[in-house]
Amino acid sequence: MTLSAVVFGSLGTLTETSHLHHRAFNETFAAEGLGWHWDDSEYRRLLSIVGGAERIKQYAEGQPDGPALSPEAIADLQAKKTQRYVELIHSEPSTLRPGVKRLIEEATKAGVAVGLATGTSLANLTANLEATGQITLADFAAYTTRNSELAPKPAPDIHRSCMSKLGVAPSETVAIEDTTDGVGSAATAGAVVLATPGAYVSHQDFSQATASVSWLGDHDHETELLSGPSLLASVVDVSWLRSLTT
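This note's numbering runs 121 ahead of the 1-based position in the sequence shown.
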């Protein structure tokens, strides 16, 4: 098979920002006087739920003495969390995960389209990319963000939309994802899936992925293969991605 596209599946495949999302939730809860605090264990558990609003909803429903939140109140809380996250991402150093910029440049040079299929908002996406100072939306030939017309991951809609915009076949696409739901979304969409789990989700099940690695890798950070076919080099490169589609 031909490798026609590489699609990054979420912000977590580009930058490690889970700690800032975690902080933004807790600071928003405190500001709203809710008396909630998600510790590391609780946040890891909640990351198995797709979408911040749904996490808030399910957590609130599980609190016997907690406030009853309407859908409007949950949406407002999530909006305030997003606002706080954007503030944090602009004030905290944000760097790309090892190998992201290298692979984007290598794929583009090789004529392989690069896309982004994320379930986050355009505000979060833009804030993250601006904070890195290294890549922008212009580095992606097409991108899909959260909207009401697409079902959230693990549904395949977001990946299918991005591949449609790129004009590529799923079987000729390698999707890079960092969570179980993301992997499931890309796999159901028909893409070949490479998992690059982040620090908060390394415990999740990535068995649906064709391969799993620590990160894409660069000169200072060699890639550790967690599962799948042997690497052809010390980093994830276009040649190895091509081998995954055969």
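Each residue gets a CB set at the ideal place from its N, CA and C atoms; glycine is no exception.
| Check | Outcome |
| --- | --- |
| Under 8 Å, do A272 and E137 count as touching if we go by C-beta distance? | no |
| Does F261 come out as helix, strand or coil in the three-state DSSP assignment? | coil |
| Who does S269 pair with in a DSSP beta bridge? | Looking at the DSSP assignment, S269 forms no beta bridge with any residue, so it has no partner. |
| Measuring CB atoms only, is the region 331–351 touching the region 276–286, in the sense that at least three cross pairs come out at less than 8 Å? | no |
| Do V322 and L209 count as a contact pair if the criterion is CB distance below 8 Å? | no |
| Terminal residues of the continuous beta strand (DSSP E) containing V171? | Run containing V171: none; DSSP gives neither H nor E here. |
| Given a threshold of 16 other Cβ atoms within 10 Å of its Cβ, counted over all protein chains shown, does P350 qualify as buried or as exposed? | exposed |
| A194: which of L155, A231, P219 and D160 sits nearest, CA to CA? | L155 |
| Using 8 Å for Cβ pairs, my map puts A115 next to V128. What's the rounded Cβ distance? | Here the chain has residues from 122 to 367 only, and residue 115 is not among them. |
| For D299 and A252, what's the separation of their Cα atoms in angstroms? | 20 Å |
| Can you give me the Cβ contacts of S348 inside the same chain, cut-off strictly under 7 Å, excluding the 5 residues immediately before and after it? | A332 and S333 |
| Measuring alpha carbon to alpha carbon, tell me which residue in R281, G288 and K286 is nearest A308. | R281 |
| Please classify S351: does DSSP put it in a helix, a strand, or coil? | coil |
| For A189, which of helix, strand or coil comes out of DSSP? | coil |
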